[in-house]
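Colleague:
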Amino acid sequence: CTDHNALSVDHLEELNQQDIEALKGSETMPVALPGCSFFLGIPYTPARKIIDAGLPLAVASDYNPGSAPSGNMNFVLNLACIKMKMTPEEAINAATLNAAYAMGVQSLYGSISRGKRANIFMTEPMSSYNVLPYNFGKHHIEAVMINGEFIKKPQD
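Just so you know, we're using the working numbering here: the sequence shown kicks off at 10 and counts up by one.
Written as structure tokens, this is what we have:
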């Protein structure tokens, strides 16, 4: 994939040091799919090894009926932290900015910046964003905005 300038490479459950070195010299974004690993009972992407090598990492749901029949990104973040040993900050970055890069849409999505689409969610009050991935099974989102329009409004 790096020889062909791919934007991203998925299904990194069996990643070796040679693969990591190839990724280091490329612009290809490694993408972890923890929901797939959970559902199929296969190894998880070695996130710590990738991140500790100085590489970015994206996470995605890989939502499909065969290997990952859940698009629940809250659960994906839970798995990234619990099973792949990512910090909450790393997991949130991997699911937003890095995921946008993996799809080639980082100029429009992935972060809150002037000129980008306002696609954001607002959570219930919490002590820290560190709570988000560890309190798995709980739905924290109270409002959702897509392209600057609320599609789910906050409760008054």
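Each residue gets a CB set at the ideal place from its N, CA and C atoms; glycine is no exception.
What are the start and end residues of the alpha helix (DSSP H) that includes V40?
Modeller: For the purposes of this step, residue 40 is taken as the residue at position 31 of the sequence shown. Careful: V40 lies outside any alpha helix (DSSP H), inside the beta strand (DSSP E) at M38 to A41.
Colleague: Let me check understanding here. Comparing Cα to Cα, which of Y118, K33, N81 and A56 lies closest to L21?
Modeller: Here the question's residue 21 lines up with position 12 in the sequence shown. Residue A56 is the option with its Cα nearest to L21.
Colleague: So, are the CB atoms of A41 and L66 less than 8 Å apart?
Modeller: Within the sequence shown, numbered from 1, the residue matching residue 41 stands at position 32. Within the sequence shown, numbered from 1, the residue matching residue 66 stands at position 57. In contact: A41 and L66 (Cβ atoms closer than 8 Å).
Colleague: I believe E23 touches P43 by the beta-carbon criterion, under 8 Å. Please report the beta-carbon distance rounded to the nearest angstrom.
Modeller: Taking the first residue of the sequence shown as 1, we reach residue 23 at position 14. Taking the first residue of the sequence shown as 1, we reach residue 43 at position 34. Contact flag wrong, Cβ pair sits at about 15 Å.
Colleague: Can you name, in chain order, every residue of its own chain whose Cβ lies under 7 Å from the Cβ of I155, other than the five neighbours on each side?
Modeller: Numbered from its first residue, the sequence shown carries residue 155 at position 146. Hits under 7 Å: N128.
Colleague: Mind checking which residues open and close the beta strand (DSSP E) that includes M154?
Modeller: In the sequence shown, residue 154 corresponds to position 145, counting from 1. Element bounds for M154: I150 to I155.
Colleague: For M135, count neighbouring Cβ atoms within 10 angstroms of its own Cβ and tell me buried if that reaches 16, exposed if not.
Modeller: Here residue 135 is taken as the residue at index 126 of the sequence shown, counted from 1. The residue is exposed, with fewer than 16 neighbouring Cβ atoms inside 10 Å.
Colleague: Just tell me which of K162, G146, N81 and A109 has its CA closest to the CA of K125.
Modeller: Along the sequence shown, one-based indexing puts residue 125 at 116. Per the Cα distances, A109.
Colleague: In angstroms with no decimal places, state the Cα-to-Cα distance between Y72 and G80.
Modeller: By one-based count along the sequence shown, residue 72 stands at place 63. By one-based count along the sequence shown, residue 80 stands at place 71. Distance between the alpha carbons of Y72 and G80 is about 5 Å.
Colleague: For N87, is the classification buried or exposed, using 16 other Cβ atoms within 10 angstroms of its Cβ as the cut-off for buried?
Modeller: Along the sequence shown, read from residue 1 onward, the residue named residue 87 stands at position 78. Per the 10 Å Cβ criterion, buried.
Colleague: K161 to F130, Cα distance in whole Å?
Modeller: Taking the first residue of the sequence shown as 1, we reach residue 161 at position 152. Taking the first residue of the sequence shown as 1, we reach residue 130 at position 121. In this structure, the alpha-carbon of K161 lies about 9 Å from that of F130.
Colleague: Would L16 pass as a contact of A77 if the rule is Cβ separation under 8 Å?
Modeller: Here residue 16 corresponds to residue number 7 of the sequence shown, with the count starting at 1. Here residue 77 corresponds to residue number 68 of the sequence shown, with the count starting at 1. The answer is no: Cβ separation not under 8 Å.
Colleague: Give me the Cα-Cα distance between E158 and E98, rounded to the nearest whole angstrom.
Modeller: Numbered from its first residue, the sequence shown carries residue 158 at position 149. Numbered from its first residue, the sequence shown carries residue 98 at position 89. Approximately 26 Å between the Cα atoms of the pair.
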